[in-house]
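A.B. asks: I am attaching a structure below and will ask some questions about it afterwards.
Residue numbers (the numbering used here): 3 to 139.
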């Protein structure tokens, strides 16, 4: 078993203790498209972000994207969000929703649009404001 081999290897040089509070099961991200109308309305009343549809093809809400960004394992790229909750996986392949997803990531992480990457460092989606270019001419 790989987990036991890893523990054995790490315990040779380190004092390793089992975390009694560790829960190996994560709560699933709510999929608004899978809820019935009453459950969906209750969720939207509790958190209006679940009523804002960002990806029309896959019916992904702003609340689902925010929830994916707040998970214990960080996710702050366009492709990372795409893998977690599927915006951009529908018919339009992100043509409609990608700019909206980038905006949600920037707002949630408190960063500028130009600091949101597609897949990792050096994969900029936005380099600068188009207005900035016009103002400098």
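Don't be surprised by glycine CBs; every beta carbon is placed ideally from N, CA and C.
Roughly how many whole angstroms lie between the Cα atoms of residue 104 and residue 11?
C.D. replies: In a straight line, the C-alpha of residue 104 is about 41 Å away from that of residue 11.
A.B. asks: Specify, as a first and last residue, the run of the beta strand (DSSP E) that residue 55 falls within.
C.D. replies: First-last of the beta strand (DSSP E) with residue 55: 55–57.
A.B. asks: Starting from the N-terminal side, write out each stretch of the alpha helix (DSSP H) that is 4 residues or longer and does not extend beyond the stretch 29–93.
C.D. replies: Whole alpha helix (DSSP H) segments, 4+ residues: 39–48, 64–71 and 80–87.
A.B. asks: Would residue 128 and residue 111 qualify as a contact pair, given that the criterion is a beta-carbon distance under 8 Å?
C.D. replies: No, these two residues do not count as a Cβ contact at 8 Å.
A.B. asks: With distance defined between alpha-carbon atoms, name the residue in 17, 65 and 92 nearest to residue 107.
C.D. replies: Cα-wise, what sits closest to residue 107 is 65.
A.B. asks: Are at least three pairs of beta-carbons, each pair with one atom in the stretch 39–47 and one in the stretch 77–92, less than 8 Å apart?
C.D. replies: No: the two stretches stay apart, fewer than three of their Cβ pairs being nearer than 8 Å.
A.B. asks: Let me check one thing: in DSSP terms, what residues is residue 126 bridge-paired to?
C.D. replies: DSSP lists 119 as partners of residue 126.
A.B. asks: Using the C-alpha atoms, what's the distance from residue 62 back to residue 102?
C.D. replies: Each residue's alpha carbon lies about 11 Å from the other.
A.B. asks: Please tell me whether residue 70 and residue 77 are closer than 8 Å, where the distance is taken between their beta carbons.
C.D. replies: Yes, the pair counts as a contact, with Cβ atoms nearer than the cut-off.
A.B. asks: Closest to residue 97 by C-alpha separation, out of 56, 29, 3 and 40, would be which residue?
C.D. replies: Checking every option, the nearest Cα to that of residue 97 belongs to 56.
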